[in-house]
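Heads up: the structure comes next, in structure tokens.
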Amino acid sequence: MLDQTAVEKLDVEAVNKGAKQKGEPLYAAHQKVYPKRAEGFYRRLKWIIMAITLGIYYITPWLRWDRGPYAPDQAVLIDFPNRRFYFFFVEIWPQEFIFIAGLLVMAGIGLFLITSVVGRAWCGYTCPQTVWTDLFLVVERFFEGDRNARIKLDKAPWSGEKLARKVPKHIVWLLISVATGGAWIFYFADAPTLAVDFATGQAPLAAYLTVAVLTATTYVLGAIMREQVCIYMCPWPRIQAAMLDENSLVVTYNDWRGEPRMRGQKKARAQGLVPGDCVDCNACVAVCPTGIDIRDGQQLECITCALCIDACDAVMDKVGHERGLISYATLADYNHNMRVATGGEATGAIDPSRVRDDKGNFVDAIRGFRWREMLRVRTIIYFAAWGLIGLGLLVALGTRDRLEVNVQHDRNPVFTQLSDGSIRNGYTVKILNMVAEPRTFTLTLDGLPGATMAINGIDGEPARSFDIPVEPDKLRPLRVFVSQSPDQVQPGSTPFSFTVEEAGSGEVDVYNANFEAPEE
Amino acid sequence: MADDRKDIDEVSGVETTGHEWDGIKELNNPLPRWWLWTFYATIVWTIGYTILYPAWPGITGATAGVLGWSSRGQLAQEMEAAKAEQSVYIDRIAQTDITEIPTDPELVQFAVAGGSSAFKVYCVQCHGSGAQGGEGYPNLNDDEWIWGGTLEEIAWTIRHGVRHEPDFDTRFNEMPAYGRDQILDSGQIADVAWYVRQLSGQEYDAEAAARGAETFEIECSACHGVDGEGIPELGGPALNDAIWLYGGSHAEIVAQINNPQMGVMPAWGERLGETTVKQLAVYVHQLGGGQ
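So the protein sequences, as listed, match chains A and B.
Using UniProt numbering, read the first sequence as starting at 1 and increasing by one per residue.
Using UniProt numbering, read the second sequence as starting at 1 and increasing by one per residue.
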């Protein structure tokens with residue numbers, strides 16, 4: 001029934017084997033990992049996610065968004081010199097940073113949610129380190145071939161052919177790195193202008209330095225260090241592991257059906273042995289980008305990229321076993337199945353005959369993943385918190401003011417007596433027009449009977465109301481002098497308010513102020 | 001160590017320093033190579049640095065360094081750069097007629113900022129930190145101007161001062177001491193003071209004021225105006241309003257007629273220069289009372 005010859009045993013050992021054996025030092029010299037090409041569902045998923053994430057990163061700054069003549073036309077722009085953040089139809093001012101903070105909080109809770117449901121999906125699919133390393137591996141395979149060819153090439157002495165393979169590889173790597181650093185700066189300035197400036201040497205020094213630094217980090221981290229970053233440098237696996245529970249999906253080797261693993265299963269059966277499904281071909285180890293053996297159990301080094309699942313499924317198809325010897329599973333299900341396989345004893349030996357009936361199907365007691373496991377108190381709370389913050393941000397965004405008024409009362413002197421005996425107070429009124437078009441606001445005195453105001457730079461007789469034109473996206477400070485006639489003045493402090501109104505949008509902002517007069 | 005025998009740690013096989021705390025011994029591992037090389041590199045750096053920059057102290061000073069750099073020199077450079085940046089506006093203010101400055105919002109902003117800081121150095125001693133004045137020192141926020149409140153007139157007052165005799169163009173006028181020099185008797189002075197109270201809309205003695213009106217017309221109207229409205233060309237303050245430089249009570253007015261106090265302001269034109277005078281005038285003018 002099995003064509004064992006079709007499955008070759010790969011000569012590969014997990015790089016972290018040594019650390020798992022007693023007495024060996026925790027830190028060993030770096031062993032280069034040569035990940036073999038995998039094919040299958042998860043590999044395809046990763047290609048798609050890579051295309052989407054890289055596409056978003058490289059293309060976003062080039063998207064245009066018409067904001068009229070007074071604001072930049074870049075859809076996503078972090079405009080530091082003018083202290084604005086543009087995101088499609090949203091424009092955020094520095095004092096509205098709460099929206100950015102809210103998004104960051106959502107990202108954090110979203111990560112909790114995703115992690116508690118599907119484990120370290122961030123690491124395996126969307127982490128820039130993973131995405132770029134994957135991309136660099138594609139380049140490496142193109143020039144040097146797959147796993148065995150690369151090992152052979154690395155062992156071979158330097159020759160013209162070796163150079164002809166290595167040099168272009170590094171050139172392409174560097175080109176990708178430059179493009180990566182290059183894309184970053186376009187988020188901070190008008191992309192087409194900056195691209196021309198950059199090419200002609202006119203761009204600011206910061207742009208060149210940023211590209212240089214990001215080129216270096218992309219090349220060193222993504223192309224050279226690869227899995228070393230995940231294992232030794234990144235604090236994230238340590239933190240992310242704490243968000244998992246026994247109901248989270250993790251990449252698991254199902255040893256309850258795989259053990260005892262053995263090669264030459266036909267022969268073994270003939271000898272009366274009962275082998276597990278694992279044919280010990282090491283395909284799962286060969287494809288692993290961090291070079292570990294998933295069959296050793298849950299490990300820090302595992303980024304849950306699931307390429308071992310693809311590799312194992314391919315082998316299972318070949319030898320005619322059911323897929324899923326390595327699979328996404330929850331630890332709760334895994335532990336349950338282990339108890340079935342070992343007859344309920346925690347430390348008992350695995351007996352493959354316990355998990356299968358006579359026809360070779362799994363017994364009913366074996367449990368697989370059910371979608372309902374995703375709905376747990378923990379995930380529901382995460383989702384609720386995430387959704388509520390999102391709704392709150394949307395409501396706040398929809399109802400936020402595009403007009404702001406601030407008033408400072410002159411303190412020195414607090415009031416001035418004029419020649420006709422009236423009392424005058426000075427104020428600095430700041431009107432903030434947060435819309436990218438010129439608008440005219442009506443500034444009106446409310447309360448304070450008999451009072452009038454005069455404004456520096458705005459012509460006209462003293463009145464209770466003035467039209468104030470404010471430039472697009474600008475703050476206009478005004479020196480406003482409010483005077484009250486002597487027969488109306490109340491001693492001490494009298495509250496009144498400045499009302500600022502915009503006729504077009506109907507926006508109104510009221511600022512409560514005080515009018516000070518002598519105590520007698 | 002007291003003896004020459006090396007103490008080797010059993011577990012690691014590394015020599016110890018011989019220091020021991022509660023049974024814990026310090027291993028004598030060599031410094032990491034990269035650390036050592038970094039240390040050597042800092043020494044090399046130091047040598048280069050002390051040659052290039054001021055470093056070694058002597059008795060009267062320090063070595064100058066071959067680059068000739070000094071913190072004082074750097075400050076001078078930065079000051080020069082700041083001045084160069086300001087000079088654009090300073091030049092424009094110098095070239096612009098003072099009455100034209102308000103039409104240029106950029107210049108107004110620069111002039112107000114510059115005028116405000118000059119005011120805090122040269123003017124606050126008499127006029128107060130908020131230009132609010134005090135007894136004998138005019139409040140510059142209000143709308144009464146003894147010598148006129150247009151930009152040009154304010155600039156003139158700043159430039160040439162008031163009763164600053166060395167300046168030929170200074171604002172000058174003196175009020176006679178009617179009591180001290182016995183031009184009027186004390187009854188007449190009291191009557192005029194009541195009339196002035198009437199002019200300014202305060203409580204007054206009607207009979208006395210009626211008597212004082214005549215004296216006022218003869219003695220006072222030449223400078224203070226027929227109705228006490230003031231004559232800024234002559235520096236005669238308005239008396240028919242609520243603002244009093246030396247107080248508006250009957251006694252205070254009598255005192256002022258008897259033996260007038262008159263403030264003196266220095267001429268600032270030569271000392272501060274024309275552009276600073278312009279900036280000060282623009283600043284004072286926008287305080288709220290400028291005409």
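Every residue, glycine too, gets a C-beta built ideally from N, C-alpha and C.
Is the shortest distance between the beta-carbon of residue i and the beta-carbons of chain A less than 7 Å?
{"i": "B:Gly236", "result": "no"}
{"i": "B:Ala111", "result": "no"}
{"i": "B:Thr276", "result": "no"}
{"i": "B:Gly18", "result": "no"}
{"i": "B:Ala210", "result": "no"}
Nearest chain B C-beta to residue i closer than 7 Å, yes or no?
{"i": "A:Ser419", "result": "yes"}
{"i": "A:Phe415", "result": "no"}
{"i": "A:Glu456", "result": "This sequence places Asn at residue 456 of chain A; Glu is not what is there. It does; some Cβ of chain B falls within 7 Å."}
{"i": "A:Phe481", "result": "yes"}
{"i": "A:Asn412", "result": "yes"}
{"i": "A:Ala14", "result": "no"}
Could you tell me how far apart the beta carbons of residue i and residue j are, in whole angstroms, since I believe they sit closer than 8 Å?
{"i": "A:Asn425", "j": "A:Asp446", "result": "So it is not a contact: roughly 15 Å between Cβ atoms."}
{"i": "B:Pro237", "j": "B:Ile146", "result": "5 Å"}
{"i": "residue 579 of chain A", "j": "A:Thr330", "result": "Nothing can be reported for residue 579 of chain A: it is not among the residues displayed for chain A, which extend from 1 to 520."}
{"i": "B:Glu135", "j": "B:Tyr283", "result": "B:Glu135 to B:Tyr283, Cβ: 23 Å. No contact."}
{"i": "A:Val429", "j": "A:Leu448", "result": "Contact doesn't hold; Cβ gap of about 15 Å is too wide."}
{"i": "A:Val470", "j": "A:Phe498", "result": "That belief does not hold up - the Cβ atoms of A:Val470 and A:Phe498 are roughly 15 Å apart, past 8 Å."}
{"i": "A:Ile231", "j": "A:Cys284", "result": "At roughly 18 Å, the Cβ-Cβ gap does not stay under 8 Å, so A:Ile231 and A:Cys284 are not in contact."}
{"i": "B:Tyr195", "j": "B:Ala177", "result": "Wrong, their Cβ atoms sit about 19 Å apart, outside the cutoff."}
{"i": "A:Val340", "j": "A:Val355", "result": "6 Å"}
Name the chain A residues that come within less than 7 Å of residue i, Cβ to Cβ?
{"i": "B:Glu144", "result": "Ser419"}
{"i": "B:Asp241", "result": "Ser419 and Asp420"}
Taking Cβ-Cβ distances shorter than 7 Å, what residues in chain B pair up with residue i?
{"i": "A:Gly276", "result": "Within chain B, no residue comes near A:Gly276; the closest Cβ sits about 41 Å away, beyond 7 Å."}
{"i": "A:Arg424", "result": "Gly288"}
Under the three-state reduction of DSSP, which class applies to residue i: helix, strand or coil?
{"i": "B:Ile243", "result": "coil"}
{"i": "A:Val479", "result": "In the sequence under discussion, the amino acid at residue 479 of chain A is Arg, which differs from the Val named in the question. Correct three-state label for A:Arg479: strand."}
{"i": "A:Glu471", "result": "coil"}
{"i": "A:Met338", "result": "helix"}
{"i": "A:Asn456", "result": "coil"}
{"i": "A:Met1", "result": "Low confidence applies to A:Met1: its pLDDT is 42, below 50, so where it sits in the model is not reliable, and the reading given next is rough at best. A:Met1 falls in the coil class under three-state DSSP."}
{"i": "B:Trp21", "result": "strand"}
{"i": "B:His164", "result": "coil"}
{"i": "A:Val159", "result": "One point to set straight first is that residue 159 of chain A is Ser, not Val, in the sequence displayed. Here A:Ser159 sits in coil by DSSP."}
{"i": "A:Phe80", "result": "coil"}
{"i": "A:Ile431", "result": "strand"}
{"i": "A:Pro449", "result": "coil"}
{"i": "A:Ile326", "result": "strand"}
{"i": "A:Glu8", "result": "coil"}
{"i": "B:Asp97", "result": "coil"}
{"i": "B:Ala155", "result": "helix"}
{"i": "A:Phe369", "result": "coil"}
Below 8 Å on C-beta distance, what does residue i contact in chain A?
{"i": "B:Ala281", "result": "Ordered by position in chain A, no residue passes the 8 Å Cβ test against B:Ala281, which lies about 15 Å from the chain."}
Looking at chain D, is there any beta carbon in it that lies within less than 7 Å of the beta carbon of residue i?
{"i": "B:Thr150", "result": "This model lacks chain D altogether, as its protein chains are A and B."}
Cβ-based contacts, 7 Å cut-off: residues of the UniProt domain "Cytochrome c" (110-200) of chain B near chain A: Ser129, Gly130, Gln132, Asn139, Asn141, Asp142, Asp143 and Glu144
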